[in-house]
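For reference, the structure discussed in these notes is given below.
Below is the structure:
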């Protein structure tokens, strides 16, 4: 076991959590526990909003899986991952002010709340809750596996004990802290990620003898590593471009992102968040994935992609610094998991329990149920992560595409198109989920693109077609 | 924030719509920049690659320069074209 690295790793994590809890405790509670616990009372400032967006999205897929794939695919994967820079500005500009205004009007706390008020339909609520629970569950499992792997590689503990440590930390934190605590830690974690990736990239470049020598090493291993086409030439322009939908513009439809887009304080906070978010995502994505590519020249022959990051950090940095730098990806995973957990439990408590089971529970009762559900969910995901599949990134991308195909049009058209109605929304959700699952299973790359593109087009057709053809039923409104 | 704000609802909504359109414009520009340089320079044979600061030219222009250009554009757009409007239209507030 690597003591020095472990101590700084866990020390940093513990410090982040302590700060988050202290700050969130100091804020006075408003009358609504639900609003506070799940939304932080709509009080986020620009910096915290930018960082929490970055940390939520920059999850295990980018921080552990991403550099691992970049290690195998070369610069082509960096090209692909940089598409995510667009999410830094696009999400907040598109949902932007309109979403914040509308959700305030509706007093919506969750994405499902918004859909419920906008479409006034029980089926919309049930369908969206269902897909949030199913898809975010698989995302969470993927994240937990990533966290376990990271602790495993760094400390030398077994995967199961690593996973166990990870889960306990996350559970305690989310259960006690709620949304505001999570977003504050996100802000700190985001900053560590930013600094950590810069340190690590510089160390990697020095260890590799400078960029030109690294690039020529890579070229000798396999010339394709320095082309945009991937190690075996399989990253075609059409396929890579279709990721503009999956990890670029489609991200507006992810519930964990959308909920943040309704939680900020003012237009000024939004503006600051757009600028900071774009720059931070850009720096982190570029550094993280370049580290993965360059690592190939320094440490060839790593078999499990997920272990590239921890191993290269231990190779090029002194152990205590490696521990600090790796606190960044671990923190990223934790914050993703934190917010996913909150989201799934808010779906259960707020959208299903309060809507349909018990409309007027006392504050005490909601508090107990929220924390209880959050804790139980965590334990279930842990059990799922105990026997994990190998490459977490694909699991994760499957869920992301599914959520996007479900929610993109009900959200976007819900804000910008008055004629959209509940029939359109239901049709679009069903078309989106169903076609995505079918394509993924039987025909994963229609027209050479990621299947999320076709599913999103199908669900748009369903939304517009059904809304228009049922519009007469809606005249009363 | 929810003082006597002069913004009437229509104006706020118009602003919000315009800013969303700007977002779409930016992302299209971003995509074209990214695609043109990556596959324009990157599709040559590897032995013909040019290098800038040790990185292949396609990567340098598409990724490094692209990221810088888009960050600057985002900054300009937000600073000069986005407006600070009140987000509480009617004074509603929590449940």
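Chains as they are written, first to last, in the numbering used here: chain A, 1 to 477; chain B, 1001 to 1095. The beta carbon of each residue, even a glycine, is placed where N, CA and C say it ideally should be. All figures in this text were calculated on a predicted structure; none of them were measured in a lab.
- Where residue 116 (chain A) is concerned, the enclosing alpha helix (DSSP H) starts and stops at 111 to 119.
- When CB distances to chain B are screened at a threshold of 9 Å, the residues of the segment 64 to 82 of chain A falling below it are 75, 76, 78, 79 and 82, in chain order.
- For residue 1070 (chain B), the uninterrupted alpha helix (DSSP H) segment begins and ends at 1066 to 1081.
- For residue 281 (chain A), the closest of A:52, A:240 and A:93 by C-alpha to C-alpha distance is A:52.
- In the structure shown, the three-state DSSP call for residue 44 (chain A) is strand.
- With a contact defined as Cβ atoms closer than 8 Å, residue 196 (chain A) and residue 85 (chain A) miss out at about 19 Å.
- Note that the C-beta distance between residue 278 (chain A) and residue 112 (chain A) is not below 9 Å.
- Cβ-Cβ separation between residue 340 (chain A) and residue 445 (chain A): approximately 27 Å, too far for a contact (criterion under 8 Å).
- Residue pairing from DSSP places residue 1052 (chain B) in a beta bridge opposite B:1055.
- The alpha carbon of residue 400 (chain A) has as its nearest neighbour, out of A:82, A:70, A:121 and A:134, the alpha carbon of A:134.
- Here residue 1027 (chain B) is not near residue 208 (chain A), since their CB atoms are 9 Å or more apart.
- Annotation: residue 1062 (chain B) to residue 285 (chain A) spans about 14 Å, alpha carbon to alpha carbon.
- If you compare the alpha carbons of A:22, A:149, A:380 and A:88 with that of residue 160 (chain A), the shortest gap goes to A:149.
- Under DSSP, the beta-bridge partners assigned to residue 264 (chain A) are A:44.
- Taking C-beta atoms as the reference points, residue 453 (chain A) and residue 246 (chain A) count as a pair closer than 9 Å.
- Separation of the CB atoms of residue 76 (chain A) and residue 230 (chain A) is rounded to 4 Å, and the pair is thereby assigned contact status at 8 Å.
- Judged by DSSP in its simplified three-state form, residue 1088 (chain B) adopts coil rather than helix or strand.
- Of all alpha-carbon atoms in A:46, A:151 and A:73, the one lying nearest the alpha-carbon of residue 10 (chain A) is that of A:151.
- When DSSP states are grouped into helix, strand and coil, residue 417 (chain A) belongs to the coil group.
- DSSP, read as helix, strand or coil, puts residue 157 (chain A) in coil.
- Per DSSP, reduced to three states, the secondary structure at residue 52 (chain A) is helical.
- Taken atom to atom, the span from the alpha-carbon of residue 270 (chain A) to that of residue 92 (chain A) is near 7 Å.
- Comparing C-alpha distances from residue 98 (chain A) to each of A:138, A:263 and A:373 shows the shortest one belongs to A:263.
- For the segment 185 to 211 of chain A, the set of residues with a beta-carbon nearer than 8 Å to any beta-carbon of chain B comprises 210 and 211, in chain order.
- A straight-line Cα-Cα distance of about 29 Å links residue 1060 (chain B) and residue 1021 (chain B).
- Between residue 182 (chain A) and residue 312 (chain A) the beta-carbon gap is near 29 Å, outside 8 Å, which marks them as no contact.
- One Cα belongs to residue 363 (chain A), the other to residue 1073 (chain B), and the distance between them is close to 46 Å.
- With a 10 Å radius around the Cβ and a threshold of 16 neighbouring Cβ atoms, residue 376 (chain A) comes out exposed.
- In the DSSP annotation of this structure, the continuous segment of the alpha helix (DSSP H) that includes residue 1014 (chain B) starts and ends at 1009 to 1042.
- In this structure, the alpha-carbon of residue 283 (chain A) lies about 13 Å from that of residue 202 (chain A).
- 1019, 1020, 1022, 1023, 1026, 1027, 1030, 1031, 1035, 1038, 1039, 1042 and 1046: these are the residues of the segment 1018 to 1048 of chain B whose beta carbon lies less than 7 Å from some beta carbon of chain A, given in chain order.
- The C-beta of residue 1032 (chain B) has fewer than 16 other C-beta atoms within 10 Å across all chains shown, which makes the residue exposed.
- Only residues of its own chain outside the window of five on either side were considered, and among them 252, 258 and 261 have a CB closer than 7 Å to the CB of residue 95 (chain A), listed in chain order.
- In the DSSP annotation of this structure, the continuous segment of the alpha helix (DSSP H) that includes residue 102 (chain A) starts and ends at 85 to 106.
- Pairing residue 428 (chain A) with residue 451 (chain A) gives a Cβ-Cβ distance that is not under 9 Å.
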